[in-house]
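To keep things clear, I will list the structure first and then write my remarks on it.
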Amino acid sequence: MRSTLTIGLALAFLSSLASALDQDRTVDVFTWPLSASSSKTIAQITYNSTFATINSYNAPSFSASDDIVRVGFYHSSGAWSGIATSALNFAPGKDKKLVLHVNGGGELYHIGFRASEGLGTSSATSNTKDGMSVEVVKVKSGPTPHLNRPVVLSPDGSAPEKEPEKSFFQKYWWAIAGVLLLQVVMSMGKGE
Ligand SMILES: *[C@@H]1O[C@H](CO)[C@@H](O)[C@H](O)[C@H]1NC(C)=O
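Be aware that the sequence shown starts at 22, since it is given in the numbering used here, and climbs by one per residue.
Shown next, in the form of structure tokens:
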């Protein structure tokens with residue numbers, strides 16, 4: 022019971038912390054052709070957990086030998102996250118979209134990229150620049166655990182065994198006995 026309360030308080034604390042930390046952040050997005058030795062910045066994006074704005078976008082130019090291009094960003098730890106796509110997807114006529122996957126704390130953890138044939142209809146809004154747009158996708162929280170039913174472990178640390186299922190006869194012997202008794206009583210009544 023006490024541990025349930027502690028977990029509840031910890032979750033409440035963490036979620037209030039998370040919403041307090043939900044501020045605008047900035048990320049640089051890079052392209053990195055497989056044949057190139059280093060990445061190049063193509064866009065700077067400001068985002069929070071619901072919305073992103075493209076501050077700047079410089080369409081990349083690739084050499085003819087660049088078929089596959091990585092698109093990604095660097096985490097604050099310095100680690101690279103990204104995807105790979107065809108260099109042709111950056112052609113001027115295409116509608117390009119960066120998808121920022123953010124976690125519950127509003128922090129970027131993965132990036133996606135989509136391109137489609139340009140329809141010339143995308144209007145110039147704050148999250149679209151020169152055919153490049155950006156969208157924020159927040160990770161969905163999983164099913165919530167049942168915190169009010171702690172599992173009691175036995176002293177050796179193993180989970181308790183479930184009670185074995187009762188057989189049909191064990192469950193319903195009283196109904197069967199009732200039917201039999203009724204038949205006996207009725208046949209006795211007829212005999213009189
Ligand atoms: C995210 O930024 C947009 C645009 O600046 C703003 O309208 C929205 O309220 C912000 N969301 C949060 C959760 O702060």
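Glycine included, every Cβ here is placed at the ideal spot set by N, Cα and C. This one's a predicted model, so the numbers in the text were calculated from it and none came from an experiment.
One or two residues paired with residue i in a DSSP bridge
i, result
"GLU138", "LYS115"
"VAL201", "Per the sequence shown, residue 201 should be read as Leu rather than Val. In DSSP, LEU201 forms no bridge with anything."
"ILE104", "VAL92"
"GLN44", "In DSSP, GLN44 forms no bridge with anything."
"THR74", "THR67"
"LEU109", "The partner list for LEU109 (beta bridge, DSSP) is empty, contrary to what the question assumes."
"VAL123", "LEU129, LYS159"
Residue i and residue j closer than 9 angstroms at C-beta
i, j, result
"LYS150", "ARG135", "no"
"VAL90", "PHE111", "yes"
"LYS15", "VAL123", "Since the first residue shown for the chain is 22 and the last is 213, residue 15 is missing from the structure and cannot be characterised."
"VAL48", "TYR68", "yes"
"SER86", "SER60", "no"
"VAL92", "THR74", "no"
Nearest-angstrom Cβ-Cβ length linking residue i and residue j, presumed shorter than 8 angstroms
i, j, result
"PRO54", "PHE94", "With a Cβ gap of about 16 angstroms, PRO54 and PHE94 do not count as contacting."
"VAL157", "SER102", "With 8 angstroms as the limit, VAL157 and SER102 do not qualify as a contact, their Cβ atoms being about 15 angstroms apart."
"GLY114", "GLY139", "5 angstroms"
Cβ-heavy atom distance, residue i to ligand 2, below 8 angstroms
i, result
"ASN69", "What this structure holds is ligand 1, not ligand 2."
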